[in-house]
Every structure is written in structure tokens, then in C-alpha cells.
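Going by UniProt numbering, the residue at position 71 of the sequence shown is 71; the numbering climbs one at a time, nothing skipped. Glycine is no exception: its CB is placed at the ideal position from the N, C-alpha and C atoms. These notes concern the structure reproduced below.
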Amino acid sequence: MTQGNQAVAQQLFKAFQDHEPIPFISKIVELSEPEAYATQDLLIEQLKDAQNVEVAGYKVSMTSAATQSIANTHEPAYGTILSNKVFKHESEIAVSDLFDPLIEPEIMFILTADLPQDPSAEEVLDSVRIAPGIEVPDARYQDWFPNFTLGDLLADNTATGLIVVGEEVAPLSYDKFAEIQLSLSFNGEEIETGDSTEVLGNPVKSVQWLAKKLADHGKQLKAGQVISSGTFISPIPVKKGTYEASYTDVGSVKVTFK
1 MTQGNQAVAQ
11 QLFKAFQDHE
21 PIPFISKIVE
31 LSEPEAYATQ
41 DLLIEQLKDA
51 QNVEVAGYKV
61 SMTSAATQSI
71 ANTHEPAYGT
81 ILSNKVFKHE
91 SEIAVSDLFD
101 PLIEPEIMFI
111 LTADLPQDPS
121 AEEVLDSVRI
131 APGIEVPDAR
141 YQDWFPNFTL
151 GDLLADNTAT
161 GLIVVGEEVA
171 PLSYDKFAEI
181 QLSLSFNGEE
191 IETGDSTEVL
201 GNPVKSVQWL
211 AKKLADHGKQ
221 LKAGQVISSG
231 TFISPIPVKK
241 GTYEASYTDV
251 GSVKVTFK
């Protein structure tokens, strides 16, 4: 761990604490992928201590070629979800508590058992429940989307804001996971549609990727953790009002921003 990693993590932690966005880290230093993930780990430890929270799970970002191209990368990325950033269906959230949030409809995987480091699709399906979900990416940078570098993104916990998790249901078959259709509404009117093939072709693959990537970093997916598996649509800016994400064969989830 370098002093540079520690300095960057401290800047981002201060942005969290002060609720004041900062310029991109890449304007000062270019972080490699390993350096940026190491910085994320430092930031998470500071946030855990300051907020008295634990790791609740992970989000998977950039699960389509289009989103990967923004950061000039060829694979997804992960961020760490803390326990105070998990909200239930029909939660009300103050926009003023966030920085510059987006909406991403995503399927949530809730682990019922620890996953091995390189799980098969069958092992994933045998170890999860699922739920309709909405991820709310949020970054500590000024004018962050879509202007970040990969180093910027990873260091800032991959723009992890919060997740909204609906009612848990049994997992679908592997093939059915590739056929989920989404309707996203705002204040009762449909504004976007999408499908699960945008998530690495199948959201189960997202969980498999995450397990392997975490293993590379000496981590493991554990029972009780939640995984926000990747967006069905291009991210859209949050407005005040009520969003509902409805998924075929999975269910619906609502969140209101005030």
C-alpha cells in the first residue's frame, strides 16, 4: 500500500464526510486497476469505522460493452455495498443526502450459502434467492458521469450509492434469467424498457465474474450478502418522484426520492 493510495482514499473519505464533491483524482494521479481497488479497500475501512457499519454485499458495474467503453475497459468492475446503504421496497430517500445520483434497474442476488471462488452457474443458482432491485449509483466527484476514468471510478468505490431491494423469490432457471424483461416507470408512467441480456448476456454470469474477481483480491462471497448484478438500461439521472422497476417472473420494487 502506498502513501498515494492512502492520500487518495483520505480525499474521498473527506468528500463523504463533508458531503462536498471533489475534482477527479485522475487530474492529480493516474491509478492502475490494482492501485484503484486497493484505494477502494482503504476507503471502505474508513467508512466502516466512521459509520459503524459492515459490508453487506457488492455491486457489479459496467456489464455491457457500451458501459465498459466509457471507462476504456473490457470487463466489469465491482463496488462494496455497506449495510447502511441497503433500503427496502417503497423506501423514501432524500435527494439532498446524495451527490449526483443515477437510476439503474438491477436484479438482486441474496446469498443463502458461501460461494466458491469459481462457481458454476448451477452452484450460483443453488446458493441464492433473488429480488427485484434498483441500484442508485452516486459518486463523490464533480460532474462525474460519464467523464470518469477507470481509476477514478474504482477508487471511489465504483460510484456505489445505495440499493433498493424488493421481495425475495426463488431463483429462475439459468435460461429464464436471460429472458427477463424490465419496465421502469416514473410517477406511474413508463419511461424505459430493457432486458437481462444487457447484463453480460445473463445476470448469473455477473455473479460468477464477481466471485472470481473477489478471489483475485483475497475475498469471498458469503451467505447473507446481496449482489446488485448489473443494469438493464443506460443509467438515467434521478429526479424527485417515485420510480418502479417491474421484472417479468421476478416482481416489482419502488423507491421515492424527495
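Original post:
Where does A113 fall in DSSP's three states?
Top reply: Residue state, collapsed to three classes: coil.
Original post:
Could you give the distance in angstroms between the alpha-carbon of D195 and the alpha-carbon of E168?
Top reply: Each residue's alpha carbon lies about 19 Å from the other.
Original post:
Should L221 and E33 be called a contact, given that it needs their Cβ atoms to be closer than 8 Å?
Top reply: no
Original post:
Taking just the CA atoms, how far does P76 sit from A131?
Top reply: Looking at the backbone, the Cα of A131 and that of P76 are separated by about 21 Å.
Subject >> Span of the alpha helix (DSSP H), counted from its first residue to its last, around A223 >> reply: Unbroken run through A223: none, as it is neither H nor E.
Original post:
DSSP on L47, reduced to helix/strand/coil?
Top reply: helix
**OP:** Would you kindly report the start and end of the unbroken beta strand (DSSP E) that includes L154?
**Re:** For L154, no beta strand (DSSP E) segment is defined; the enclosing uninterrupted segment is the alpha helix (DSSP H) at 150-155.
Subject >> For Y78, the nearest candidate out of A178, V253, L150 (CA to CA) >> reply: Nearest to Y78 by C-alpha distance, out of A178, V253, L150, is L150.
**OP:** Mind checking which residues open and close the alpha helix (DSSP H) that includes I70?
**Re:** 65-70
Subject >> Start and end residues, alpha helix (DSSP H) containing E123 >> reply: 121-125
Original post:
Would DSSP call K176 helix, strand or coil?
Top reply: helix
Subject >> Through-space distance from L115 to V86, alpha-carbon basis >> reply: Per the coordinates, the alpha-carbon of V86 lies some 21 Å from the alpha-carbon of L115.
Subject >> Secondary structure of A245, DSSP reduced to three states >> reply: DSSP places A245 in strand when its eight states are reduced to three.
Original post:
Ends of the alpha helix (DSSP H) at Q181?
Top reply: Run containing Q181: none in the alpha helix (DSSP H); it sits in the beta strand (DSSP E), 181-186.
Original post:
Where do the ends of the alpha helix (DSSP H) carrying K212 lie?
Top reply: Its alpha helix (DSSP H) spans residues 203-216.
Subject >> Alpha carbon of S183 to alpha carbon of I103, nearest angstrom >> reply: 13 Å
Subject >> Whether P146 touches G161 by CB criterion (8 Å) >> reply: no
**OP:** Output the boundary residues of the beta strand (DSSP E) element that contains G194.
**Re:** 189-195
Subject >> Alpha-carbon spacing of T73 relative to E189, whole angstroms >> reply: Straight across, the Cα-Cα distance linking T73 with E189 is about 35 Å.
**OP:** Consult DSSP for S26 and reduce its assignment to one of helix, strand or coil.
**Re:** helix
Subject >> E174 versus F232: straight-line alpha-carbon distance, rounded >> reply: According to the sequence as given, residue 174 is Tyr; it is not Glu. C-alpha separation (whole angstroms): 17 Å.
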